[in-house]
Amino acid sequence: MNVEPQSKGLIEIRDLGVVFGCNGGTIEAVKSVSLTVKPGEFVSLIGPSGCGKSTLLNIVAGFVKPSSGTVKVDGMPVIGPSANRGVVFQQYSLFPWLKVRENVEFGLRMQGMPSGQRETTARTLLGLAGLLAFENHYPDQLSGGMKQRVGIVRALATSPQVLLMDEPFGALDAQTRVVMQEILTNMWQQFRLSVLFITHDIEESIFLSDRVFVMTARPGCIKAEIVVPLPRPRTPEMTASTEFIGMVQRLKALIREESLAAMGSELQDGGLSGFGMAVGPSGVAEVI
Ligand SMILES: Nc1ncnc2c1ncn2[C@@H]1O[C@H](COP(=O)(O)OP(=O)(O)O)[C@@H](O)[C@H]1O
Ligand SMILES: [Mg+2]
Numbered sequence: 020m021n022v023e024p025q026s027k028g029l030i031e032i033r034d035l036g037v038v039f040g041c042n043g044g045t046i047e048a049v050k051s052v053s054l055t056v057k058p059g060e061f062v063s064l065i066g067p068s069g070c071g072k073s074t075l076l077n078i079v080a081g082f083v084k085p086s087s088g089t090v091k092v093d094g095m096p097v098i099g100p101s102a103n104r105g106v107v108f109q110q111y112s113l114f115p116w117l118k119v120r121e122n123v124e125f126g127l128r129m130q131g132m133p134s135g136q137r138e139t140t141a142r143t144l145l146g147l148a149g150l151l152a153f154e155n156h157y158p159d160q161l162s163g164g165m166k167q168r169v170g171i172v173r174a175l176a177t178s179p180q181v182l183l184m185d186e187p188f189g190a191l192d193a194q195t196r197v198v199m200q201e202i203l204t205n206m207w208q209q210f211r212l213s214v215l216f217i218t219h220d221i222e223e224s225i226f227l228s229d230r231v232f233v234m235t236a237r238p239g240c241i242k243a244e245i246v247v248p249l250p251r252p253r254t255p256e257m258t259a260s261t262e263f264i265g266m267v268q269r270l271k272a273l274i275r276e277e278s279l280a281a282m283g284s285e286l287q288d289g290g291l292s293g294f295g296m297a298v299g300p301s302g303v304a305e306v307i
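For what it's worth, this note's numbering labels the leading residue of the sequence shown as 20, then goes sequentially.
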């Protein structure tokens, strides 16, 4: 009997709030965010700059403690970083003094895996990402896209339940980005883990995701949820479909409202209230 392996990585975020102390005052970065990422699901978060996306991801990663609310992964409260939650940032966070394969093996070494097994695991993963020929290169000898592929492989090496990605392709050119999106979706389907993905790029969020959450301007809360009904595997041709273009338009309109609201509050913070900027209603949770 052919039994499909179980998908993993249930993320449950409940009523999350974050207030930072800043210059003697406070900044409310995230407010009343509740969302669930189901095992094996690919979910994107999109919203104006400064709305709390990275803060939210850093809480799920265990790098930042929330002021209120809870985050659980597979039923366990998040109390700090863990190899069960792989993280990939926009800036390539590879160790420059280690070769590509040594970078990938790093987490496995920390877990005490014997060197032969480490090497096999790392080489298998590098092969999947088309990087086996570069296993003995140093990060400085690689292009941006290759470095980010190593970053993804390294995050996957310890078999995490979830992969958390904060604008991972933000520094890449458009062509490399498209290739990276395909590589990522292929690896995600093989690993059957859940992904929480932050991006500024509306098309990217739709192309990759099962669902896209739009956040309001700061304090960030969930403004809307868009379900992406496109079949898998996704193909570049789908981006030309009426359905895809319709979703892009809806997301653009939602984000434009929030970007204007964010700019309005920045202007007001700077003492320029009355400038005439249209500030849309924000903070109203709405599911469309
Ligand atoms: N450690 C911190 N201390 C004070 N303020 C912070 C800190 N981290 C983030 N912020 C503020 O919280 C808000 C949300 O930041 P961030 O989560 O980085 O937004 P995004 O990723 O959506 O651009 C911003 O106003 C930012 O300046
Ligand atoms: Mg950010």
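Each residue gets a CB set at the ideal place from its N, CA and C atoms; glycine is no exception.
Near ligand 2: residue i beta-carbon under 6 Å from a heavy atom
i: S73; result: yes
Heavy atom of ligand 1 within 6 Å of residue i beta-carbon
i: I46; result: yes
i: C70; result: yes
Residue burial classification, residue i (beta-carbon count within 10 angstroms, cutoff 16)
i: G295; result: For G295, the predicted structure reports a pLDDT of 32, less than 50, and the residue's modelled location is therefore unreliable. The matter cannot be settled from this model.
i: C41; result: exposed
i: W180; result: First, the residue type needs correcting, since residue 180 is Gln and not Trp in the sequence shown. That one is buried.
i: R137; result: buried
i: A176; result: buried
i: E256; result: exposed
i: R251; result: exposed
i: R120; result: buried
i: I98; result: exposed
i: G126; result: buried
Residue interval of the alpha helix (DSSP H) (run including residue i)
i: I221; result: 221 to 227
i: K84; result: No alpha helix (DSSP H) holds K84; DSSP gives it neither H nor E.
i: S134; result: 134 to 147
i: V247; result: Neither: V247 is in no alpha helix (DSSP H) and is coded neither H nor E.
i: V106; result: Counting along the chain, V106 falls outside any alpha helix (DSSP H), though it belongs to the beta strand (DSSP E) covering 104 to 108.
i: M129; result: 119 to 129
i: M165; result: 163 to 176
Residues bridged to residue i [DSSP beta-bridge criterion]
i: A190; result: DSSP lists no partner for A190.
i: M234; result: I241
i: I217; result: L64, D185
i: R33; result: T89
i: G40; result: T45
i: P96; result: K91
i: K271; result: Paired residue(s): none; K271 is not in a bridge.
i: L212; result: K27
Cβ-heavy atom distance, residue i to ligand 3, below 6 Å
i: C41; result: Within the structure as shown, ligand 3 is missing, the only ligands being ligand 1 and ligand 2.
Limits of the beta strand (DSSP E) - the one that residue i falls within
i: A48; result: 44 to 56
CB contact check: residue i to chain C, cutoff 7 Å
i: K50; result: Among the chains in the structure shown there is no chain C, since it carries only a single protein chain.
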